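Input: a single structure, listed below in structure tokens.
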Amino acid sequence: MQSELSIVWIYPDLLSTYGDQGNVLVLEQRAQARGIQTRTVHVRSSDPVPQQGDVYLIGGGEDRPQILGAERLRRDGGLQAAIQRGAALLAVCAGYQIMGTVFGGEEGQPVPGIGLLDISSGRGERRAVGELAADVDPALGLPTLTGFENHMGVTRLGPGVRPLSRTLTGIGNGDGTEGCYAGRVIGTYLHGPALARNPALADLLLSWVTGPLPPIDDGWYQALRDERLRAVLPS
Amino acid sequence: MSQLPLRAQLASALGRTAATLSRATGRGDGSVIGGRVGLMLEPDLLRKLAADRKLVLVSATNGKTTTTRLITSALQEFGDVATNAFGANMPAGHVSALASNKDAPYGVLEVDEKYLPEVLDTTDAGILCLMNLSRDQMDRAAEIWLLAQKWRRALAGRPVHVIANCDDPLVTWGASTAARVTWVAAGQRWREDSWCCPECGGPLDRSGFGNGGQGLTAAQMADTNWACRECTFRRPEPNWVLDGEYVTDPRGQHWRLDIQLPGQANRANAAMALAVAETLGLDPARALPRLRTVTSVAGRYTTVERDGRSLRLLLAKNPAGWLEAFDVADPALPIILSVNAQGPDGRDTSWLWDVDYRILRGRPVLVTGERRLDLALRLTVAGVPFQLCDSFEQAVGLLAPGKIDVIANYTAFQQIRAEFGRAV
Chain A
19 MQSELSIVWI YPDLLSTYGD QGNVLVLEQR AQARGIQTRT VHVRSSDPVP
69 QQGDVYLIGG GEDRPQILGA ERLRRDGGLQ AAIQRGAALL AVCAGYQIMG
119 TVFGGEEGQP VPGIGLLDIS SGRGERRAVG ELAADVDPAL GLPTLTGFEN
169 HMGVTRLGPG VRPLSRTLTG IGNGDGTEGC YAGRVIGTYL HGPALARNPA
219 LADLLLSWVT GPLPPIDDGW YQALRDERLR AVLPS
Chain B
3 MSQLPLRAQL ASALGRTAAT LSRATGRGDG SVIGGRVGLM LEPDLLRKLA
53 ADRKLVLVSA TNGKTTTTRL ITSALQEFGD VATNAFGANM PAGHVSALAS
103 NKDAPYGVLE VDEKYLPEVL DTTDAGILCL MNLSRDQMDR AAEIWLLAQK
153 WRRALAGRPV HVIANCDDPL VTWGASTAAR VTWVAAGQRW REDSWCCPEC
203 GGPLDRSGFG NGGQGLTAAQ MADTNWACRE CTFRRPEPNW VLDGEYVTDP
253 RGQHWRLDIQ LPGQANRANA AMALAVAETL GLDPARALPR LRTVTSVAGR
303 YTTVERDGRS LRLLLAKNPA GWLEAFDVAD PALPIILSVN AQGPDGRDTS
353 WLWDVDYRIL RGRPVLVTGE RRLDLALRLT VAGVPFQLCD SFEQAVGLLA
403 PGKIDVIANY TAFQQIRAEF GRAV
């Protein structure tokens with residue numbers, strides 16, 4: 019295990035409209051609770067993305083910042099290099115779509131993504147807004163996914179990725195699945211502080227870098243999860 | 003105003019009856035139902051009621067209700083003012099406000115940000131006061147850049163005089179298509195929504211260039227000035243400047259605000275109100291004493307008493323609002339936080355993660371509201387010790403007699419007000 023874990027938050031100036039900072043704070047708190055020091059870098063869209071980080075986060079945003087963010091990431095190349103080295107990435111909502119080959123712009127026009135995930139996204143008919151719950155791919159060994167979605171996107175998964183989960187309630191990718199993963203890259207429509215409602219997902223990202231993690235007191239995380247799942251799932 | 007056509011007269015009379023019934027049956031303050039009834043009978047009622055008045059529209063993400071109240075108080079120096087004092091800020095509320103005071107020569111209307119183009123179009127208001135734009139209830143509100151773009155389109159080519167806060171880049175962009183703008187350097191505490199240029203998407207630089215307005219200290223210049231690194235969009239030269247407790251008017255004269263409403267956000271609201279008042283011919287010497295009479299606005303900032311406890315009620319609906327509430331709250335006092343996620347609050351509590359709660363470390367913190375578990379986890383991750391309470395009443399009971407601060411979001415705030423019989 020290394021002495022300091024480096025967390026890189028990509029473009030908070032463009033892609034941070036829904037409390038995305040929560041994912042940074044949850045990773046920091048859960049690492050520090052295990053005695054792991056963390057160092058967080060906020061990368062503005064005018065700055066290069068460092069290649070030596072451990073866990074990368076990218077969040078949600080409006081159409082125009084999403085297009086700007088995709089252009090800058092493509093030009094920069096730092097994130098792509100980091101993923102090639104084996105860094106972990108959680109990409110949320112607009113950030114999730116950017117990781118694919120293409121996504122829909124403000125008029126529905128196709129905009130190229132950066133191709134870290136074998137997915138393509140377009141605009142759906144209706145906005146998906148509300149609570150989402152989903153059963154995670156058993157291969158990952160995670161409990162039910164819970165969170166809030168708010169997007170117009172429809173995402174088609176290619177053969178290069180696996181669905182992260184199958185929806186119990188909510189829209190997700192639009193075909194009964196929600197999110198996807200490949201290697202150490204996870205994408206999800208659960209926007210904003212997705213890790214606050216899914217601490218096991220936070221631990222999965224951390225453990226890809228640090229190795230197995232000891233359990234910590236999850237009292238408040240669990241209480242919130244239980245309440246939200248009770249609110250949306252038939253008992 | 004008194005010459006309304008018969009149909010409009012009937013529509014506003016029936017609207018007033020509905021409002022009275024709503025109040026009498028305890029359903030609300032009546033301003034929405036009254037307006038709806040009126041609009042149903044005469045769709046053009048708002049236009050007719052607005053005609054022949056000097057009308058000011060007030061819009062922003064935060065501070066609308068308070069600034070509307072401050073401008074109203076100032077203009078009462080001139081005579082009767084029709085206003086939607088209770089925050090019913092969509093067309094039905096506007097109809098109700100104007101219909102209930104048909105002969106007032108002035109009108110000051112708080113307008114929901116999304117409705118501003120429509121209300122401007124209908125009322126043909128001559129003056130607009132625009133203060134700030136930031137993230138707010140994202141599950142139902144429009145994206146704020148799109149909102150600012152709609153403002154730009156609505157203002158272009160219209161003979162309207164806008165009074166706008168030039169310390170907020172998005173407001174500046176939204177206002178700058180207007181024929182006439184008076185710029186007020188009113189400050190901007192929340193900056194997470196203005197790192198990028200609204201014009202071109204380039205980075206906004208915040209320091210060390212350009213000429214500032216009169217009366218700015220060097221430190222303030224460095225802090226509040228802004229310009230795009232990649233295009234020509236930059237902060238306009240302010241006509242009015244707020245610096246702490248003092249406002250400098252366009253003639254360079256300094257005015258000590260000395261208002262009773264607490265916090266820097268309210269000093270910013272007061273500076274905007276002074277600039278609006280002057281646009282209508284009321285100078286600060288006459289407007290200021292009236293601003294100083296305002297002590298609480300629709301329950302906000304008011305202090306209520308229960309069993310020896312003095313509870314000061316602060317409303318915070320979004321991250322920028324929480325920063326303003328923290329600025330007002332007393333670090334030496336215990337604090338009760340209450341959060342709901344009903345329709346008017348936004349169903350999504352993600353915004354809690356945009357608020358930096360660490361400022362509360364060291365105070366007794368009590369947490370309640372329908373979404374108290376979301377807040378409990380948020381505070382845990384922020385390293386802020388707290389006590390979870392099943393109800394507001396329980397939280398109050400757990401604290402010793404004395405002064406207590408309360409911060410609540412919209413419906414949580416209304417629930418607390420209702421417990422005190424809306425007497426506040």
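So the protein lines, in turn, are chains A and B. Under our numbering, think of the first position of the first sequence as 19, with each following residue one higher. Under our numbering, think of the first position of the second sequence as 3, with each following residue one higher. Every residue, glycine too, gets a C-beta built ideally from N, C-alpha and C. Quantities reported herein were computed from a predicted structural model and do not represent experimental measurements.
Going by the beta-carbon positions, is the gap between residue 341/B and residue 420/B smaller than 9 Å? Contact: no.
Taking only beta-carbon atoms, is residue 351/B less than 9 Å away from chain A? Taking Cβ atoms only, chain A reaches closer than 9 Å to residue 351/B, which makes this a yes.
When the Cα of residue 158/A is compared with those of 65/A, 167/A, 180/A, which residue comes out closest? Answer by Cα proximity: 180/A.
For residue 223/B and residue 34/A, I'd like the C-alpha separation in whole angstroms. Unreliable placement is indicated for residue 223/B, whose pLDDT of 47 sits below 50; no coordinate value is reported for it.
Whole angstroms is fine: what's the gap from residue 197/B's alpha carbon to residue 83/A's? Those two C-alpha atoms are separated by around 11 Å.
Assign residue 104/A to one of two classes, buried (16 or more other C-beta atoms within 10 Å of its C-beta) or exposed (fewer than that). Taking every protein chain shown into account, the CB of residue 104/A has fewer than 16 other CB atoms within 10 angstroms, so this residue is exposed.
Close beta carbons around residue 161/A, own chain, < 6 Å, minus the five adjacent residues each side: Hits under 6 Å: 218.
Chain-ordered chain A contacts of residue 339/B [CB-CB under 9 Å]: Going along chain A, no residue has its Cβ under 9 Å from residue 339/B, so there is no contact; the nearest lies around 15 Å.
Let me know the secondary structure DSSP gives residue 385/B once reduced to three states. Residue 385/B sits in coil when the DSSP states are folded into three classes, being neither helix nor strand.
Along the chain, which unbroken stretches of the alpha helix (DSSP H) at least 4 residues long are found entirely within the region 58-120 of chain A? List check, alpha helix (DSSP H) in window: 81-94, 96-103, 112-116.
With DSSP collapsed to three states, give me the class of residue 205/B. Three-state result, residue 205/B: strand.
Run the CB neighbour count on residue 163/B, radius 10 Å, all protein chains shown included, and call it buried at 16 or more, exposed below. Its Cβ being crowded by 16 or more others within 10 Å, residue 163/B is buried.
Three or more C-beta pairs under 8 Å: does that hold for the region 212-226 of chain A against the region 31-49 of chain A? Judged by Cβ distances under 8 Å, the region 212-226 of chain A makes contact with the region 31-49 of chain A, as three or more pairs qualify.
Whole runs of the beta strand (DSSP E) within the region 80-110 of chain B, excluding any shorter than 3 residues: Complete beta strand (DSSP E) runs here, min 3: 83-85.
Provide the residue span of the alpha helix (DSSP H) that contains residue 235/B, from first to last. Residue 235/B: not part of any alpha helix (DSSP H); DSSP gives it neither H nor E.
Kindly indicate if chain A contains any beta-carbon less than 9 Å away from that of residue 382/B. Answer yes: the Cβ-Cβ gap between residue 382/B and chain A drops below 9 Å somewhere.
Close beta carbons around residue 362/B, own chain, < 6 Å, minus the five adjacent residues each side: Only residues of its own chain outside the window of five on either side were considered, and among them 386 have a CB closer than 6 Å to the CB of residue 362/B, listed in chain order.
Short check: CB of residue 101/A to CB of residue 59/A, under 9 Å? For the pair residue 101/A and residue 59/A, the CB atoms are not nearer than the 9 Å cut-off.
Through-space distance from residue 6/B to residue 148/B, alpha-carbon basis: If you take the alpha carbons of residue 148/B and residue 6/B, they lie about 36 Å apart.
Pull up the CB-CB distance for residue 132/B and residue 173/B, whole angstroms please, since I reckon it's below 8 Å. Between residue 173/B and residue 132/B the Cβ distance is about 5 Å, and since that is below 8 Å, they are a contact.
Nearest CA to the CA of residue 80/A: which residue from 48/A, 151/A, 137/A, 29/A? The shortest C-alpha separation from residue 80/A is found at 29/A.
Which class does residue 228/A belong to by DSSP, given the choice of helix, strand or coil? Of the three classes helix, strand and coil, the one that applies to residue 228/A here is helix, per DSSP.
Report the neighbours of residue 62/A on chain B: residues whose CB is nearer than 8 Å to its CB, in chain order. In chain order: 197, 205.
Assuming residue 271/B is part of the alpha helix (DSSP H), what are its boundary residues? For residue 271/B, the enclosing alpha helix (DSSP H) has its first and last residue at 266-281.
Distance check for residue 111/A and residue 182/A, CA to CA, integer angstroms please. Going by C-alpha positions, residue 182/A is about 14 Å away from residue 111/A.
Stretch-stretch touch, CB-based, cutoff 8 Å, three pairs: the region 65-74 of chain B with the region 255-274 of chain B: Verdict: yes, contact present.
Of all the CB atoms in chain A, is at least one closer than 9 Å to the CB of residue 210/B? At residue 210/B the pLDDT is 44, less than 50, meaning the model places this residue with poor confidence; the figure from the coordinates comes in the next sentence. It does not: the Cβ of residue 210/B has no partner Cβ on chain A nearer than 9 Å.
Is the separation between the beta-carbon of residue 187/B and that of residue 207/B shorter than 9 Å? No, the pair does not count as a contact, with Cβ atoms beyond the cut-off.
What does residue 120/B touch in chain A if you count any residue whose Cβ is under 9 Å from its own? Listed by position along chain A, the residues whose Cβ is nearer than 9 Å to that of residue 120/B form an empty set, because the closest Cβ is around 21 Å away.
Would you report the Cα separation of residue 238/A and residue 354/B, rounded to the nearest angstrom? In a straight line, the C-alpha of residue 238/A is about 15 Å away from that of residue 354/B.
Is there a Cβ of chain B sitting closer than 9 Å to that of residue 25/A, yes or no? By this cut-off, residue 25/A is not an interface position.
Taking residue 313/B as the reference, give the member of 129/B, 401/B, 357/B with the closest Cα. The shortest C-alpha separation from residue 313/B is found at 401/B.
Check whether the Cβ of residue 168/A lies closer than 9 Å to any Cβ atom in chain B. Output row for residue 168/A: interface = yes.
If you draw a straight line from the C-alpha of residue 8/A to the C-alpha of residue 27/A, how long is it? One cannot answer for residue 8/A here, as it falls past the ends of chain A, which runs 19 to 253.
Pull up the DSSP beta-bridge partners for residue 197/B, would you. BP columns for residue 197/B are empty, so no partner.
Through-space distance from residue 256/B to residue 145/A, alpha-carbon basis: Rounded to whole angstroms, the gap between the alpha carbons of residue 145/A and residue 256/B is 50 Å.
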